[in-house]
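Report on the structure given below.
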Amino acid sequence: MNDIQNRADVEILVNEFYKKVIPDTIIGNFFTKVVSFSRDIHIPVMISFLETILFGTASYSGNPMKKHVELNNLLPLEPLHFERWLGLWKETIYENFEEPKATEAINRAQSIAQIMQIKIKVQGLYFVKLISSLGSTIEPLQIIH
Ligand code: HEM
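Here it is in structure tokens:
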């Protein structure tokens with residue numbers, strides 16, 4: 223086994239990870255039912271994202287937070303889903319790679335997952351605020367009618 227050293231290693235990691243994710247009974251449906259997921263598009267995006275995180279190559283330019291907030295609007299992303307995602311991530315890494323990048327890849331994914339969950343909660347709170355502020359403007363109008 224090797225450490226994760228370059229893009230070719232990241233490619234192996236991502237391909238092995240999705241072999242577990244797609245058929246998974248807890249999170250697989252986000253990829254197979256919730257979005258029209260294309261392996262050919264998503265896998266290279268994911269490889270660039272990880273290459274950027276682990277090696278600072280800046281080959282990824284996207285907004286994963288926004289993507290997952292949107293995904294959460296289609297089907298709520300619960301703590302259980304994040305636990306599963308991270309569990310499969312950890313499993314794939316330890317089956318294929320050694321330290322020190324292995325632990326770095328796990329730690330980075332864990333902190334990104336935490337931020338994602340916060341962003342999802344915050345947008346949920348904004349939604350509740352928006353609905354209640356709409357409620358207070360709609361009610362008087364209904365009384366007038
Ligand atoms: C609850 C756990 C998660 C689920 C179910 C999930 C699911 C998905 C799905 C379905 C997509 C494709 C969206 C689309 O093409 O419209 C996606 C994109 C992506 N996910 Fe996740 N995800 C999860 C957690 C994470 C975590 C923890 C990370 C990072 C460590 C991550 C990184 C990404 C990236 C980089 C993309 C591509 C964004 C882009 O297109 O620019 N995901 N995810």
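The numbers in the sequence shown follow the working numbering, run straight up by one, and end at 367. No residue lacks a Cβ here, since even glycine has one placed at the ideal position from N, Cα and C.
Coil, strand or helix - residue i by DSSP
i: Phe259; result: coil
i: Asp246; result: coil
i: Asn251; result: helix
i: Asn285; result: coil
i: Gln364; result: Interpretation of Gln364 is limited by its pLDDT of 45, a score under 50 that renders its predicted location unreliable; the figure taken from the coordinates is listed afterwards. Gln364: helix per DSSP, three-state reduction.
i: Asn224; result: strand
Straight-line Cα distance separating residue j from residue i
i: Val344; j: Ala230; result: 37 Å
i: Pro301; j: Gln339; result: 8 Å
i: Leu235; j: His290; result: 21 Å
i: Ile226; j: Ile342; result: 30 Å
i: Met287; j: Met223; result: 32 Å
i: Thr247; j: Tyr240; result: 13 Å
i: Glu320; j: Ile269; result: 18 Å
Near ligand 1: residue i beta-carbon under 7 Å from a heavy atom
i: Leu235; result: no
i: Leu299; result: yes
i: Leu293; result: yes
i: Met287; result: no
i: Phe277; result: no
Option nearest residue i by Cα separation, candidates the options
i: Asn237; options: Asn251, Ile263, Ser258; result: Ile263
i: Asn329; options: Leu347, Leu308, Glu320; result: Leu308
i: Lys306; options: Ser283, Gly250, Ser281, Val267; result: The displayed chain sequence assigns Arg, not Lys, to residue 306. Ranking the options by Cα distance to Arg306, first place goes to Gly250.
i: Glu233; options: Ile248, Leu297, Pro298, Ile315; result: Ile315
i: Pro245; options: Ser281, Asn285, Leu310; result: Leu310
Where the alpha helix (DSSP H) containing residue i begins and where it ends
i: Phe309; result: A quick correction: the sequence has Gly, not Phe, at residue 309. Per DSSP, Gly309 belongs to the alpha helix (DSSP H) from 301 to 318.
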